[in-house]
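Have a look at the structure below, then the notes.
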Amino acid sequence: MPNPSSLRNEPLKGVLERLHAAARGDRFRGLKLAPRLALGFLARRNLWREVLTPEAMKELYIPVSPEQGQLLYLTARAIGARRIVEFGTSFGISTLYLAAAVHDNGGGLVVGSEIEPGKHARAVAHLEEAGLTEVTDVRLGDALETLRELPEPIDLVLLDGWKDLYLPVLELVTPRLRPGAVVLADNIFTFRKSLRPYVNHMQSGEHGFVSTTLHLADGFEYSVYLGKG
1 MPNPSSLRNE PLKGVLERLH AAARGDRFRG LKLAPRLALG FLARRNLWRE VLTPEAMKEL
61 YIPVSPEQGQ LLYLTARAIG ARRIVEFGTS FGISTLYLAA AVHDNGGGLV VGSEIEPGKH
121 ARAVAHLEEA GLTEVTDVRL GDALETLREL PEPIDLVLLD GWKDLYLPVL ELVTPRLRPG
181 AVVLADNIFT FRKSLRPYVN HMQSGEHGFV STTLHLADGF EYSVYLGKG
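Our numbering puts the first residue of the sequence shown at 1, with every later residue one more than the last.
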């Protein structure tokens with residue numbers, strides 16, 4: 001009898017195991033960026049616009065961890081998520097967890113956005129291999145454009161793309177959130193300075209969210225939208 005969680009069944013189980021194994025190579029691939037980061041720092045270049053560009057990062061998986069993936073899946077299942085938005089699809093690891101949850105919830109749609117063409121193509125291929133294309137729509141391009149048209153209401157959002165766009169993307173999707181929607185944001189500890197405005201926004205109590213930073217992987221901001229009075 002198949003496990004009630006798609007994460008435990010093939011072909012998804014095998015795809016995720018393979019991709020997580022491949023992603024462990026990021027520690028070596030990332031070393032190639034060290035000179036670029038050093039020069040960018042000395043020249044006071046914008047980290048997100050001039051240093052860590054999509055082209056520079058095109059070989060890096062920069063994925064959620066397996067534990068984060070489980071949290072994504074379990075959260076989406078617990079709230080019965082049918083409409084999910086993801087900013088920063090990369091090679092599609094996080095998308096696989098989200099799509100599995102939507103599938104297991106009875107159907108719906110995960111809308112992702114990825115700006116780097118090679119990553120977009122591989123993410124789409126991974127979702128097809130896992131049998132999850134019917135519940136996914138990964139869009140190629142700038143998220144501020146690709147995420148303008150979305151199914152409503154949105155149940156869950158994952159922010160895991162360029163850090164200076166977390167707030168602009170959040171502002172784009174907030175009017176479409178249902179009360180009780182969950183917003184998760186990755187890399188809170190890794191990019192403390194860049195993401196401080198985002199964390200302050202979510203934890204201020206002034207924008208309809210209650211929020212806390214989870215000490216999971218390199219920091220996961222977990223926020224619930226309660227609505228604006």
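All C-beta atoms in this analysis are idealised placements derived from N, C-alpha and C, irrespective of residue type, glycine included.
Distance, residue j Cα to residue i Cα
i	j	result
Arg178	Leu132	24 Å
His20	Gly69	11 Å
Phe220	Asn3	28 Å
Gly227	Pro197	20 Å
Asp164	Glu17	31 Å
Tyr73	Val173	20 Å
Ile188	His103	29 Å
Arg139	Thr89	9 Å
Phe91	Val64	11 Å
Ala23	Asp186	16 Å
Glu134	Gly118	21 Å
Met1	Pro11	With a pLDDT of 46 at Met1, under the threshold of 50, the predicted position of this residue should be treated as unreliable, though the coordinate-derived value follows. Approximately 15 Å, taken between the alpha carbons.
Trp162	Arg8	31 Å
Thr213	Ser6	28 Å
Beta carbon of residue i nearer than 8 Å to that of residue j
i	j	result
Ala123	Ala101	no
Ser211	Gln203	yes
His215	His207	no
Gly108	Arg77	no
Val15	His120	no
Glu145	Lys58	no
Phe209	Val224	yes
Thr75	Val110	no
Gly180	Ile79	yes
When the options are compared against residue i, the one with the closest alpha-carbon
i	options	result
Glu128	Ala99, Lys228, Glu206	Ala99
Gly112	Lys228, Leu19, Gly14, Val169	Val169
Tyr222	Leu159, Pro197, Val173	Leu159
Ala143	Val64, Asn187, Glu86	Glu86
Val182	Val157, Arg24, Asp218	Val157
Gly25	Trp162, Leu60, Ile154	Leu60
Glu171	Arg148, Phe191, Thr190, Asp155	Arg148
Inset, instruction - Pick out the complete alpha helix (DSSP H) segments inside the stretch 59 to 134, 4 residues or longer, and give them in chain order. - result: 66 to 78, 93 to 104, 117 to 129
Inset, instruction - Within the stretch 149 to 196, note down every full beta strand (DSSP E) run reaching 3 residues or more, in order along the chain. - result: 154 to 159, 177 to 186
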